[in-house]
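Enquirer: Please read through the structure below; I'll follow up with questions.
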Amino acid sequence: MKAFAETAVTNRQSRARLYFGEPRNIADLSRAAGRDLMGWRRRLGADEARKIIRDHGADALPIRPSSFRHLRAILDTPDALRVGEKVTKHRKLPVLISTKRIGGLTYEAVEEMQSGRRSLAVLTFYIVGRG
């Protein structure tokens, strides 16, 4: 995942997608989403990886390409999972928000639920704070 993020940053023309396969915590995700997500796949696009680093790379607790090594743990074994109150701006799709504490930092990852593609697409992730 770190290598994918590094490549996305260095190759700004890349439109590659990294597919994670089916989520490991499908029962928890389905319960939180209020729908059966069996057979859905997770993915991260190069555009989203660049946007995450652009939007959160200068934060007080910045996201760097090396931060992407935590993304699977945040998504697969979150400490908390909820449906987002917001839907994405352009497509009006619901989102799942996974929160996890790793190494004294609390991370949040936001995934868009794309029914037509049966996909959970990572939109962003960031560090909420310490502790």
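Number 387 in my numbering belongs to position 107 of the sequence shown; there are no gaps in the numbering. For glycine and all other residues, C-beta sits at the position ideal for the given N, C-alpha and C. Since the model is a prediction, treat every value here as computed from it, not as a measurement.
1) Mapping DSSP to helix, strand and coil, what is residue 374?
2) Look at the alpha carbon of residue 399 and the alpha carbon of residue 340, and state the distance between them as a whole number of angstroms.
3) Please classify residue 378 as buried or exposed, where buried requires at least 16 neighbouring CB atoms within 10 angstroms.
4) Evaluate the contact criterion for the segment 380-390 versus the segment 315-322: three or more CB pairs, one atom per stretch, below 8 Å.
5) Taking DSSP's pairing of strands, which residues face residue 401 in a bridge?
Expert: With the structure as the only source:
1) Locating residue 374 in the sequence shown gives position 94, counting from the first residue. The answer is strand: DSSP assigns residue 374 an E or B state.
2) For the purposes of this step, residue 399 is taken as residue 119 along the sequence shown, with counting starting at 1. For the purposes of this step, residue 340 is taken as residue 60 along the sequence shown, with counting starting at 1. Taking the straight line joining both Cα atoms gives about 31 Å.
3) Here residue 378 corresponds to residue number 98 of the sequence shown, with the count starting at 1. Burial call: buried.
4) At 8 Å Cβ cutoff, the stretches do not touch.
5) As a first step, residue 401 must be located in the sequence shown, where it is residue number 121. When beta bridges are read from the DSSP output, residue 401 appears opposite 323, 392.
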